[in-house]
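There are 2 protein chains.
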Amino acid sequence: MVETGENRQNAVILFSGGLDSTTVLAIATAKGYQCNCISFLYGQQHDVEVQKARASAARMGVYRHLVLNIELDKIGGSALTGDIPLPMGRSFDEMKSSIPSSYVPARNSIFLSYAVSWAEVIGARDIFIGVNVMDYSGYPDCRPEYLSSFEKTANLGTKAGVEGGRSFNIHAPLLYLTKKEIILKGVSLGVDYAETHSCYSPDEAGRACGKCDSCLLRLKGFSEAGVNDPVEYQ
Amino acid sequence: MVETGENRQNAVILFSGGLDSTTVLAIATAKGYQCNCISFLYGQQHDVEVQKARASAARMGVYRHLVLNIELDKIGGSALTGDIPLPMGRSFDEMKSSIPSSYVPARNSIFLSYAVSWAEVIGARDIFIGVNVMDYSGYPDCRPEYLSSFEKTANLGTKAGVEGGRSFNIHAPLLYLTKKEIILKGVSLGVDYAETHSCYSPDEAGRACGKCDSCLLRLKGFSEAGVNDPVEYQ
C-alpha cells in the first residue's frame, strides 16, 4: 500500500496529455502517489498534446511536471515526426494487422529511460506508463514481455538498482483494458476528457481530424462506453 | 564477417569524443563497418568533448555524425551536469570503492535507446559502446549483465526485433581491457589521441585539469602504456 498524507511516495508518470496517460495519472493519484509527470517534445507534429498536458497536469494537482525537448525528429523514421504519411481512414482490422507508420523507433525505451533517470534523482521507484495491447497490438514496445525486460534492465543499470532497497517497478495499469474500459475507468475517477488530446493530425486550432488511427480508436471507445467525446473535431 | 567495399554494413557508434569511444570507432572502422556516430549534448559541463567529437568524426571519415541535444541537465543528479561536486584528487582505490558522483542516472539506457532508434531507421543492427569494467567498476550501466539485458530489451521493443531478420547486437569491445590496453589498441589502429577529450572539468580553453577521476585514469593509462599523452593540461 502507498502511504497517504505527508509521506506520500513519489511516482513518475509518462504523461503525453492523451486519453490513456491522463487516465493513468488519475489512477496513480487515486492510489495515493505523489505524482511527477514527465512529457516530451520530440518533434511530434501533434505537439499541441504537450500544451494539453501542461494544463491537465496543473489542474490535476501533480507535484512536479517536467517537459523535455529531446529531438527525436532528428532521427525520424515515423509518421509522427513527419517523415512518412500518417495512416488515415483505416479499418480496425488493418490497424491490428501490422506495425503502423505512427510507430516511433525505440520511443518507449527512450521515454522510460528518461523516466527511470528522473525517478532515481527524485527518489521514486514507481513508474507509470499508459501502454495497452488490446486495441492496437502493433507496437512492439507496448508488449508485456518488453516492459518486463525493460524493468529488469533498469534495475541492473542504475545506482538505485544495485545499492539495494526497493527496485524500480514499471506499472502499466491499462495494459489489458479496451479503450471503452479505459474511458469508463477515467470517468469513474473524474477525468475531464475535454482536456485530453489524441489526434495525430490536428488542425492549427488543435482540433482533432477524426480520421487517423488514434482518433478512430478514441471515437470507438467513447461510442462503446456510451459516453460523449467532449473534444472538438474538424 | 563484415562486408567491405560498396556493401559495408552500417553500425552505430556511441561517440563522446573521449579516449574510449574514439578507440571504439577505430575498432569498428577496422572491422569494416560503415560507421554512424551519435553524440549527445546533455548539459555536461565538459561539452567541449562534443566539439572534439565533431572534429574526430570528420577526420576519421565516418559516414554520418548525429549530434542530439537531449536536456539531461533538467533531470540532474550528477556532478557532470553540475548539481553536485566532481570527485577530484581521489586514489584509484577510492574510485573503485563506490559509485562516483560523475554517475549520470540511467545515462547509458538513454544513450543506447537513442542509438537503437537511429540504428533501426538507418538499417543498422550493430551498436558499439565504449564501456569498460576494469578501471572504473563503479558504474552499474557499464556491467556486462546490464548490457546483455539492454540488448534483449531492445530486440523485444523494436520493429526490427519482432519482424525477424538479424537482431540488434550491442558490442562493447573495451569491456575487459585496462586503460593501458585500450591505448595500445588505439595506437596500433592509428588513433590520434591529441584529438580526444577526457577531462570532466576543463578550463575555458578546453585544457584538461589533471585531477578529476577521468584525467587520473587517462594519465595512469598513458603512463602504463609508455605512451606520451598528447593533450594539453592546465
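As you go down the protein sequences, you meet chains H and V in turn. Residues 178 to 411 in the numbering used here are what the first sequence spells out, letter by letter. Residues 178 to 411 in the numbering used here are what the second sequence spells out, letter by letter. We put the CB at the ideal spot given by N, CA and C, even for glycine.
Option in the options with minimal Cα separation from residue i
i: Tyr240 of chain V; options: V:Ala188, V:Ile252, V:Arg267, V:Lys229; result: V:Ala188
i: Leu393 of chain V; options: V:Gln221, V:Phe269, V:Asp303; result: V:Phe269
i: Leu149 of chain V; options: V:Ile215, V:Ile360, V:Asp260, V:Ser344; result: The question about residue 149 of chain V has no answer here: the residues shown for chain V are numbered 178 through 411.
i: Gly253 of chain H; options: H:Leu243, H:Ala283, H:Asn346; result: H:Ala283
i: Val408 of chain H; options: H:Gln228, H:Cys376, H:Asp390, H:Ser198; result: H:Cys376
i: Gly341 of chain H; options: V:Val364, V:Leu333, V:Pro317, V:Ala232; result: V:Pro317
i: Lys251 of chain V; options: H:Ala331, H:Arg267, H:Leu243; result: H:Leu243
i: Asn285 of chain V; options: H:Thr330, H:Gln228, H:Glu226, H:Arg384; result: H:Thr330
i: Ser255 of chain V; options: V:Met237, V:Ile276, V:Gly266, V:Ala235; result: V:Ile276
i: Tyr280 of chain V; options: V:Gln221, V:Lys362, V:Leu333; result: V:Gln221
i: Thr258 of chain V; options: V:Leu354, V:Leu218, V:Leu366; result: V:Leu218
i: Ala205 of chain H; options: H:Ala301, H:Ser344, H:Asp390, H:Glu226; result: H:Ala301
i: Gly363 of chain H; options: H:Ile299, H:Pro321, H:Asn184, H:Met237; result: H:Met237
Range of the contiguous beta strand (DSSP E) that encloses residue i
i: Cys212 of chain H; result: 211-218
i: Ala188 of chain H; result: 187-191
i: Ile347 of chain H; result: 346-348
Boundaries (first-last residue) of the alpha helix (DSSP H) holding residue i
i: Asn332 of chain H; result: 321-333
i: Leu289 of chain V; result: 284-299
i: Ile360 of chain V; result: 356-365
i: Val244 of chain H; result: Unbroken run through Val244 of chain H is the beta strand (DSSP E), 241-246; no alpha helix (DSSP H).
i: Phe305 of chain V; result: Taken as a continuous stretch (DSSP letters only), Phe305 of chain V belongs to no alpha helix (DSSP H), being part of the beta strand (DSSP E) at 303-305.
i: Gln204 of chain H; result: In the sequence as displayed, the identity of residue 204 of chain H is Ile instead of Gln. Element bounds for Ile204 of chain H: 196-207.
i: Lys336 of chain V; result: 336-339
i: Val401 of chain V; result: The sequence shown places Glu at residue 401 of chain V, not Val. Taken as a continuous stretch (DSSP letters only), the alpha helix (DSSP H) holding Glu401 of chain V covers 390-402.
i: Asp318 of chain V; result: Asp318 of chain V -> no alpha helix (DSSP H), and no H or E assigned at all.
i: Val308 of chain H; result: Per DSSP, Val308 of chain H belongs to no alpha helix (DSSP H) and is neither H nor E.
i: Asp369 of chain H; result: That residue, Asp369 of chain H, is in no alpha helix (DSSP H); it is neither H nor E in DSSP.
i: Ser378 of chain H; result: No alpha helix (DSSP H) contains Ser378 of chain H, which DSSP labels as neither H nor E.
i: Glu226 of chain H; result: 225-236
i: Ser274 of chain H; result: 269-274
Cross-chain neighbours of residue i in chain H, by beta carbon under 8 angstroms
i: Tyr353 of chain V; result: Result: empty, since nearest Cβ-Cβ is about 18 angstroms, beyond 8 angstroms.
Interface residues of chain V facing residue i [CB-CB closer than 9 angstroms]
i: Pro282 of chain H; result: Val293, Ser294, Trp295, Ala296, Glu297, Val298, Thr335, Lys336, Ala337
Within chain V, partners of residue i - CB distance below 8 angstroms
i: Ile287 of chain H; result: Ile287, Ser290, Tyr291, Ser294
Within chain V, partners of residue i - CB distance below 7 angstroms
i: Leu245 of chain H; result: Glu248, Lys251
i: Ile276 of chain H; result: Lys336
Check your understanding: Any residues in the segment 310-334 of chain H with a beta carbon nearer than 8 angstroms to a beta carbon of chain V? Which ones, in chain order?
Key -> Pro317, Asp318, Arg320, Glu322, Tyr323, Ser326, Phe327, Lys329, Thr330, Ala331, Leu333, Gly334
Review point. Are the segment 184-198 of chain H and the segment 211-222 of chain H touching, with three or more C-beta to C-beta distances below 8 angstroms?
Key: yes
Point to revise | Interface residues of the segment 247-267 of chain V facing chain A [CB-CB below 9 angstroms] | key: Of the protein chains in this structure, namely H and V, none is chain A.
Practice item. Output, in sequence order along the chain, the residues in the segment 200-222 of chain V whose CB is closer than 8 angstroms to any CB in chain H. Key: none
Check your understanding: Counting Cβ pairs closer than 8 angstroms, one from the segment 306-323 of chain V and one from the segment 290-307 of chain H, do we hit at least three?
Key -> no
Check your understanding: How do the segment 332-341 of chain V and the segment 369-376 of chain V stand: do at least 3 beta-carbon pairs fall below 8 angstroms, yes or no?
Key -> no
Review point. For the 8 angstroms Cβ check, are there 3 or more pairs between the segment 230-238 of chain H and the segment 382-393 of chain H?
Key: no
**Study point:** Contact the segment 348-367 of chain H vs the segment 197-208 of chain H: 3+ CB pairs below 8 angstroms
**Key:** yes
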